[in-house]
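Peer 1:
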Amino acid sequence: MQDAGLKKSYAESLLSSDGNKCFADYTHLLKEMEDYEDKFLEEEDSIEDMEGDLDPCPKIQISQEEFEEWCAPWKNALVINVLGRHVSFKALEHKIHRDWAKNGAVRIIDMPNDYFLVQFKEEEDYRHALYEGPWKIADHYIVVQRWRPFFTVTATKVRKIAAWIRIPGLPIELYHDRFLWRVGNKLGTMLKIDKLTSIHSRGKFARICVEINLNKKLVSKIDIMGHVLKLEYEGLHSICFSSPVAKGTLVTTDSGPKSEELYGPWMLVKHGRKSGKNLASKARADISQGGTDMTSSQNNHVVENLHVQDKHNGGPMQKVSFQDKIRNQEGGKNPQRQRGNTSTQNLSGHKKKHVMIHHHSNMPTIVTQSSQFIHIKVRCGDSHWFCTFVYASPHPQFCIDLWRELCSLASGIDRPWALMGDFNAVLKNFERKNLQTKLWQELEMVLHREEVIWFQKSRCKWLTMGDRNTRFFHGSTIVRRRKNRITKIINDEGEWITEQPELESFVTGFYKELFHMFPSLSNSEFEEIRKDMNNEEIFATIKSMNGFKAPGPDGLQAIFYQSQWNYIGQEVCNMIRDIVAQPEKVAEINETFITLVPKMENITQLKHMRPIGLCNVSYKIITKLLARRINNIMGKLVHPNQCSFVLGRNSKDNIIIAQEVIHSMRSKSGSVGWMAIKIDLEKAYDRLNWNFIKETLEDIGFPLKIIELIWNCISTAKFRMLWNGEMLESFSPSRGIRQGDPISPYLFVLCMERLFHLINISVTQKLWKPIRLSRSGPELSHLAFADDLILFAEARLDQVEIIQACLNLFCTSSGQKISQEKTRIFFSKNVNWNVINEISSSFSFQQAENLGKYLGIPLHHSRVNRATYSGIIEKVTQRLNNWKAKSLSFAGRLTLTKSFLTALPSYTMQTVWLPRNICDDIDKKNRQFLWGDTSHNKKVHTVSWSVICQPKNQGGLGIRNMRDMNMAFMMKNCWSMITEKDKLWVQVLSSKYGCLDGILPRIEKKQKISNLWRGICEAWNLVKMHIRWIVGDGAFIKFWFDRWVPGLEALIRAALSFVPAEELSKAVRDYVNIQGEWDLGRIQSYLPGEIVNLIRRLDPPCIANGNDRACWNLTNDGLFTIKSAYEIIGSMQAPTSHPIFKVIWHWKGPERIRTLL
């Protein structure tokens, strides 16, 4: 037997039952700081007497700072073990790296007793492993615990696990989240619902994840309105009920006699052992014995600190602590004893149950006593009163005697009587069962809640303490609050705000603007929308209409109003103003024909046709006028990701971004994958909810009279279908907007913006994880052109829920519906197939290797080649086959070639650097059609194609060469890189390819570049050659090499002599003196005098003029045009123009004669 005087070893201390005290000053080391400031233990170096005996258990001093520093690397660590099965290190390591290592490295360390320590480099992976379970390996649960200081696996017991529970045969109407959460909370702590259960994809059983307590019986059945359903627990292979459980996938609990036993962690059946029954019996005995001890300790009721004031003597009230009284009762010294007397009385029959009475001078008199009570008489001066202390027996048969004796006492008492103690009685029968156990559990719950509250306030997420609510948490909370308190902040003007009212106003205004759905309209914008419609504005609206478009039910085209305005103009204006004043009158002219336009050939279903509304022109005047006003503020209301019906934006912007994203996804590497979801909305215009439109307009802040006018325009419409040229029955719609109504596209775009607000809020709250094509690039979460929508996010399961929540909320509110059949998901190269299958099945969308076309342009999922854009050739061929070349003259074929065939590929050329063979094939088709070639009859081409493609003033016919046209469009993209840096697609390209932030981007070829960037690189030198500079501050413009003097080329070309190298590197501002005037004295010898004088007449650079600006040298206004770019490309190979050609083409004769000449 170990000597009691010897100290325990370190290992014995750790493994002992009171191991929580092994680090006695642990709470002291994590100072709970009464002054809430950092204090550290002082370490002193002492010289030990090496000749003496060593301390068998020396105390090692560790400072708080050191301990926190050593704990820091393990704050993102988890302790795991596999429940009921031994798993090899390699198998578990493979599982962890596959499922948990999403963003960074994961390190696994094996520990005793089949435990493993998993250390995460990235906190996001740590949270994923901790919260996204339960996890399984070989169909056994992986129990996951946070690492905590002094974690010992020998003292760790598995009490709670997260398990999947099935509810077979659950009626489909109860597949509801609220119901399933109620069920889960009855079984344990509800964690989550299986995704397939949430979307009603699994009808055989519902599946929920619940944290169950293995110390309690498993719930076997649930009662739903009189219907009893059994529960099934997945993966609990090693749970023992009344006898060992055989291996299997499911364990079904039963509420019969066999399940009446208590369960706990001791019921984990070890493989190869058959002692489950003995183990269960032993555990039940232990629990039974533990319950007796608990009852005994809980019923140890003592009247503590009972004190009586001696009124007769006027002495002060005396208090004696409970500990002192115990020492007194056991024979110890009591410092309070000199001030008064304390007597103790035993309740016979109950060991160590005492009543302690503290008094001053008069000793209370015991009148009577029994095994369950003591009845005393207490004198106070001339009067007295009675007091009875009760400790009733827990056995009901003995309590009968107690109550009989108390009734007998009551009959003889005529003075005040105090009756107190533990009566072991309850008011209701259900309280009798495990009353003390319940009280203890309630106490534990209260203490736990208090601990959690202060733990949350302290924000010590890396620490898991073993003790209760301590001053450390209180101190950490105060320190954190002091650190988080903001006393000053910089506003948008760069000024410090320190006053509390100003701070509060600034913060409120900032977040009010941040979370407001739409930007607030300024007073001028508000007045511009609500102002009266005058005659000039109405006539300008009519003039902007295409005069010969299809008429509405009244049969009048816009050309009628345009040509007869002098006669009917005033009446039309009066009608418009009357409708604006009384919006309900718009119903008189709000009739519409609906004609069906096929979307494809060989129509078999009505959904293959697009309904187009033919409205009356008189009605379209109102909505077009409203649309023109709304168009002026669309750029403010709509995010840059939406490019339709916004001034300065077009489909090219989003096509470029989509191409660059797909290009990056093709070569994506790393642990974080991406996904692109191409959403298809079914009948988007036709499903739009009218109330949703009205709410959107109100949220923007439109004037009420304008909202009422728009509401009547969409709600009073009457439709007639045109079917094979005949009018069908009239009907009134209850939702949707008309394609063909001028205001419909603007209303639809504004309503779609509500979805993008949800997405942006999710991104701001860091729920939606957008993608970046480079570290410094903009975040991309979505692209939209009207109803053409692509969503981008990281390829993770938690993103599925966020995306679905946004889409479902928007669709429910707006009336939209997503087509499950046409919606596609594309994943980046580095996404695992298991993740792909899980995400695709969760969305119920089809996974695709190719998203097809976006806004009419094929997305580049592979290298661009002839096959990628063979569709352009097919379109040209199809259109040529519809025309009869024999029935057209040469002049007619020339007109069609110039107006259509050369314009057909232009849309594609804006965003694609077409292969040369594609351009040559298009030129070949145009050439054959122009000369009248057929498959059976080849004509003689009397003039070469290169001559025909020359400009008219140079002897050609003005047909544009496809290669040169493609180069001109690439030059336009280069120019946008210089002048439109605020556009989203320019920011994406600049960040992806590392362009400088200067005025001129750095355009150069690199490895793994996209098709568009290759075309931009090819065109860049041509653009640089024709840039002219407008001097601002003169900091960027090179004095000798850039074109900045009007009418002159680079000054280096006019130099009279050799210019020193130090002069060549200078900018324009370097030739300005301190007074802000030109300082050209030192370079007069290098330039002719007339050039120096010309420079002196120019305004010198100044900071007030802003930055230097680039302009296009080939136009008078300095703006880039495709025409000027094409001409400069052609001028490199074309002869000089001749005046005779200009005379011929300006002659107002027949086209065929001019062509012949």
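One gets the numbering used here by counting positions in the sequence shown from 1 and adding 1028 to each. Built from N, CA and C at the ideal position, the CB exists for glycine as well. Given the structure is predicted, the values throughout are model-derived calculations rather than measurements.
1. Where does W1445 sit, in a helix, a strand or coil, going by DSSP?
2. Straight-line CA distance for S1398 to L1430?
3. Helix, strand or coil for Y1419, going by three-state DSSP, please let me know.
4. With W2072 as the anchor, note down where its beta strand (DSSP E) starts and where it stops.
5. If I follow the unbroken alpha helix (DSSP H) through W1209, where does it start and stop?
6. Using 8 angstroms as the threshold, is the segment 2058–2072 in touch with the segment 2092–2109, meaning 3 or more CB pairs across them?
7. Run through the segment 1726–1797 for me and flag every whole beta strand (DSSP E) of 3 or more residues, listed as ranges in chain order.
8. Alpha carbons only, please: which of V1418, C1408, V1474 and G1449 is nearest the one belonging to R1443?
9. DSSP state of R2042, grouped into three classes?
10. Comparing C-alpha positions only, which one of L1786, W1163 and I2080 sits nearest to I1831?
11. For A1821 versus P1798, is the C-beta distance shorter than 8 angstroms?
12. Which residues bound the beta strand (DSSP E) around R2056?
13. Tell me which residue opens and which closes the alpha helix (DSSP H) that A1919 is part of.
14. Three or more C-beta pairs closer than 8 angstroms, one from the segment 1605–1615 and one from the segment 1570–1590: is that the case here?
15. For my contact list, T1851 and D1681 are in at a C-beta cut-off of 8 angstroms; report their separation, rounded to the angstrom.
16. Here's the rule: buried if 16 or more other CB atoms are within 10 angstroms of the residue's CB, otherwise exposed. What is K1953?
17. Please return the same chain residues whose Cβ sits closer than 8 angstroms to the Cβ of C2139, not counting the five positions on each side in sequence.
18. Hey, how far is the Cα of I1742 from the Cα of I1649?
19. How many angstroms separate the CA atom of N2001 from the CA atom of K1696?
20. Please report the straight-line C-alpha distance between L1202 and E1096, rounded to a whole angstrom.
21. Look at the alpha carbon of G1663 and the alpha carbon of V1172, and state the distance between them as a whole number of angstroms.
22. Helix, strand or coil: how does DSSP classify Q2112 here?
23. Whole angstroms is fine: what's the gap from S1772's alpha carbon to I1557's?
24. Judging by CA-CA distance, which residue of W1413, K1118 and F1451 is the nearest neighbour of L1420?
25. Name the DSSP bridge partner or partners of R1944?
26. Among F1534, K1722, M1749 and N1989, whose alpha-carbon lies nearest the alpha-carbon of M1637?
27. If you measure between the beta carbons of A1823 and F1854, is that distance less than 8 angstroms?
28. Which two residues bound the contiguous alpha helix (DSSP H) that contains A1119?
29. Distance check for Q2103 and S2113, CA to CA, integer angstroms please.
30. L1145 by DSSP, collapsed to three states: which one?
31. So, using beta-carbon positions, are D1769 and G1641 closer together than 8 angstroms?
32. Run the CB neighbour count on R2071, radius 10 Å, all protein chains shown included, and call it buried at 16 or more, exposed below.
33. Exposed or buried, which one is V1474 when buried takes at least 16 other CB atoms within 10 Å?
34. State the beta-bridge partners of M1990 as determined by DSSP.
35. Nearest by alpha-carbon distance to M1990: which of Y2021, G1983, C2045 and S1934 is it?
36. Tell me whether L1837 is buried or exposed, calling it buried when 16 or more other Cβ atoms sit within 10 Å of its Cβ.
Peer 2: To lay it out plainly:
1. Locating residue 1445 in the sequence shown gives position 417, counting from the first residue. Secondary structure of W1445 (DSSP, three-state): strand.
2. As a working mapping, residue 1398 is identified with position 370 in the sequence shown. As a working mapping, residue 1430 is identified with position 402 in the sequence shown. Distance between the alpha carbons of S1398 and L1430: 9 angstroms.
3. For the purposes of this step, residue 1419 is identified with residue 391 of the sequence shown, where counting begins at 1. The DSSP-derived three-state label of Y1419 is strand.
4. The residue labelled residue 2072 in the question sits at position 1044 within the sequence shown. Careful: W2072 lies outside any beta strand (DSSP E) and carries neither H nor E.
5. Locating residue 1209 in the sequence shown gives position 181, where the first residue counts as 1. Per DSSP, W1209 belongs to the alpha helix (DSSP H) from D1205 to L1215.
6. Contact holds: three or more Cβ-Cβ distances are below 8 angstroms.
7. Restricting attention to beta strand (DSSP E) runs no shorter than 3 residues, the segment 1726–1797 encloses them at 1746–1751 and 1754–1759, ordered along the chain.
8. Reading the sequence shown from its first residue, position 415 is the one you call residue 1443. For the set V1418, C1408, V1474 and G1449, the Cα lying nearest the Cα of R1443 is the one of C1408.
9. Numbered from 1 along the sequence shown, position 1014 holds the residue referred to as residue 2042. The answer is helix: DSSP assigns R2042 an H, G or I state.
10. Position 803 of the sequence shown holds residue 1831. I1831 has its Cα closest to that of L1786, out of L1786, W1163 and I2080.
11. Stepping through the sequence shown from its first residue, residue 1821 is reached at position 793. Stepping through the sequence shown from its first residue, residue 1798 is reached at position 770. Against a cut-off of 8 angstroms, the Cβ pair of P1798 and A1821 comes out as a contact.
12. As a working mapping, residue 2056 is identified with position 1028 in the sequence shown. Start and end: I2055 to I2058.
13. Counted from its first residue, the sequence shown places residue 1919 at position 891. For A1919, the uninterrupted alpha helix (DSSP H) segment begins and ends at F1918 to L1924.
14. A contact between stretches requires three or more CB pairs, one per stretch, nearer than 8 angstroms, and the segment 1605–1615 fails this requirement with the segment 1570–1590.
15. On the sequence shown, position 823 is the one that residue 1851 refers to. On the sequence shown, position 653 is the one that residue 1681 refers to. In this structure, T1851 and D1681 do not form a Cβ contact; the two beta carbons are roughly 23 angstroms apart against a cut-off of 8 angstroms.
16. Stepping through the sequence shown from its first residue, residue 1953 is reached at position 925. For K1953, the number of other beta carbons within 10 angstroms of its own is at least 16, and it is reported as buried.
17. The residue you call residue 2139 lines up with position 1111 of the sequence shown. For C2139, where only same-chain residues beyond five positions count, the Cβ hits under 8 angstroms are I2055, R2056, W2057, I2058, G2146 and L2147.
18. Taking the sequence shown and counting its residues from 1, the one referred to as residue 1742 is at position 714. Taking the sequence shown and counting its residues from 1, the one referred to as residue 1649 is at position 621. So the alpha carbons of these two residues sit roughly 15 angstroms apart.
19. In the sequence shown, counting from the first residue as 1, residue 2001 sits at position 973. In the sequence shown, counting from the first residue as 1, residue 1696 sits at position 668. Cα to Cα, the separation comes out at about 26 angstroms.
20. Position 174 of the sequence shown holds residue 1202. Position 68 of the sequence shown holds residue 1096. Roughly 50 angstroms between the two C-alpha positions.
21. As a first step, residue 1663 is located in the sequence shown; it is residue number 635 there, counting from the start. As a first step, residue 1172 is located in the sequence shown; it is residue number 144 there, counting from the start. If you take the alpha carbons of G1663 and V1172, they lie about 51 angstroms apart.
22. Taking the first residue of the sequence shown as 1, we reach residue 2112 at position 1084. In the structure shown, Q2112 sits in coil (DSSP, three-state: anything other than H, G, I, E or B).
23. Start at 1 with the first residue of the sequence shown, and residue 1772 comes out as number 744. Start at 1 with the first residue of the sequence shown, and residue 1557 comes out as number 529. The straight-line gap from Cα to Cα measures roughly 17 angstroms.
24. The count along the sequence shown starts at 1 and reaches residue 1420 at position 392. In the sequence under discussion, the amino acid at residue 1420 is Ala, which differs from the Leu named in the question. A1420 has its Cα closest to that of F1451, out of W1413, K1118 and F1451.
25. Taking the first residue of the sequence shown as position 1, residue 1944 is located at position 916. Per DSSP, none; premise fails for R1944.
26. In the sequence shown, residue 1637 corresponds to position 609, counting from 1. For M1637, the closest of F1534, K1722, M1749 and N1989 by C-alpha to C-alpha distance is M1749.
27. For the purposes of this step, residue 1823 is identified with residue 795 of the sequence shown, where counting begins at 1. For the purposes of this step, residue 1854 is identified with residue 826 of the sequence shown, where counting begins at 1. At least 8 angstroms separates the beta-carbon of A1823 from that of F1854.
28. Numbered from 1 along the sequence shown, position 91 holds the residue referred to as residue 1119. Membership of A1119 in the alpha helix (DSSP H) is indicated by the continuous run F1117 to D1127.
29. Looking up residue 2113 in the sequence shown gives position 1085. Looking up residue 2103 in the sequence shown gives position 1075. Taking the straight line from one Cα to the other gives about 23 angstroms.
30. Here residue 1145 is taken as the residue at index 117 of the sequence shown, counted from 1. Taken through DSSP and simplified to helix, strand or coil, L1145 comes out as strand.
31. Position 741 of the sequence shown, counting from 1, holds the residue named residue 1769. Position 613 of the sequence shown, counting from 1, holds the residue named residue 1641. Contact flag set, yes.
32. Looking up residue 2071 in the sequence shown gives position 1043. R2071 counts as buried, since no fewer than 16 other beta carbons sit within 10 angstroms of its beta carbon.
33. Within the sequence shown, residue 1474 is the residue found at index 446, counting from 1. By the 10 Å Cβ count, V1474 comes out exposed.
34. Your numbering for residue 1990 matches position 962 in the sequence shown. Paired residues: none, contrary to the question.
35. The residue labelled residue 1990 in the question sits at position 962 within the sequence shown. Ranking Y2021, G1983, C2045 and S1934 by Cα distance to M1990 puts S1934 first.
36. Here residue 1837 refers to the residue found at position 809 of the sequence shown. Counting every other CB atom within 10 Å of its CB across the protein chains shown gives L1837 a total below 16, marking it as exposed.
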